[in-house]
Amino acid sequence: MIPSLTVGQIMTREVTALEADHSINLAAAVMEWRHIRHLPVVRNGKLLGLVTHRDIAKAQAHLLALPARELLKDGAQTLSVPVLEIMRREIWCVTENTPVLEAARILLDHKFGCLPVVDDQERLVGIVTEIDFMRMLVDALSVRREREDTNPRIAVP
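Taken in order, the sequence shown gives residues 0 to 156; the numbers are from numbering that gives the first Met the number 0.
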């Protein structure tokens, strides 16, 4: 029997994450700089939530719609709102041992773009995204094509 492919074999291990007190402006800048759409939010390495590009855009649009007098609060601009205030707190997670098929079904069924990967203490150890699944698919199709190219079928008359 062939062992099942696991999330740990395809996930991204070097995850860009934010601390809970980092601002939404920093989150937006990091997403743009790293070309990513999801940022896990952690405290002492433990996963607290997730912020998506869509969450940040919505929060920034809301803040920019406020009258100028409301943009200042206790001497600090509300544009430096911490991601803790806009992050998604109830998120689906997987472990490194989760079968890839199970993780893929979660993404498809719930229309998620990513799944944080945590250990048994809820510490963030990676992330698996749509891109990781696409990379896996392309690799598998490339291997299949190479096999077909090196093992041509003999045509039977």
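For every residue, glycine included, the Cβ atom is placed at its ideal position computed from N, Cα and C.
*What does a CB cutoff of less than 6 Å around Ala-19 pick up in its chain, not counting 5 residues either side in sequence?*
By one-based count along the sequence shown, residue 19 stands at place 20. The residues are Val-40, Arg-42, Leu-47, Leu-83.
*Looking at Arg-53 and the ligand GTP, is the gap between the Cβ and the nearest heavy atom below 7 Å?*
In the structure shown, the ligand GTP is absent, as is every other ligand, since no ligand is present at all.
*Is it buried or exposed for Val-142, if we count other Cβ within 10 angstroms and need 16 for buried?*
Within the sequence shown, the letter at position 143 stands for residue 142. That one is exposed.
*Check each candidate in Thr-149, Glu-145, Ala-139, Glu-147 and name the one with the smallest Cα separation from Leu-4.*
For the purposes of this step, residue 4 is taken as residue 5 along the sequence shown, with counting starting at 1. The residue with the shortest Cα to Cα distance from Leu-4 is Ala-139.
*Can you grab the Cα-Cα spacing for the pair Trp-91 / Val-50, in whole Å?*
Here residue 91 corresponds to residue number 92 of the sequence shown, with the count starting at 1. Here residue 50 corresponds to residue number 51 of the sequence shown, with the count starting at 1. Taking the straight line joining both Cα atoms gives about 13 Å.
*Applying the criterion that 16 or more other CB atoms from any shown protein chain within 10 Å of the CB defines a buried residue, is His-61 buried or exposed?*
By one-based count along the sequence shown, residue 61 stands at place 62. Label assigned to His-61: exposed.
*Is Thr-15 helix, strand or coil by DSSP?*
Residue mapping note: residue 15 aligns to position 16 of the sequence shown, counting from 1. In this structure, Thr-15 counts as coil in the three-state DSSP scheme.
*Is it buried or exposed for Asp-108, if we count other Cβ within 10 angstroms and need 16 for buried?*
In the sequence shown, residue 108 corresponds to position 109, counting from 1. Burial check for Asp-108: the Cβ neighbour count within 10 Å stays below 16, so the residue is exposed.
*Alpha carbon to alpha carbon, what distance is there between Glu-13 and Met-30?*
On the sequence shown, position 31 is the one that residue 30 refers to. On the sequence shown, position 14 is the one that residue 13 refers to. Taking the straight line joining both Cα atoms gives about 15 Å.
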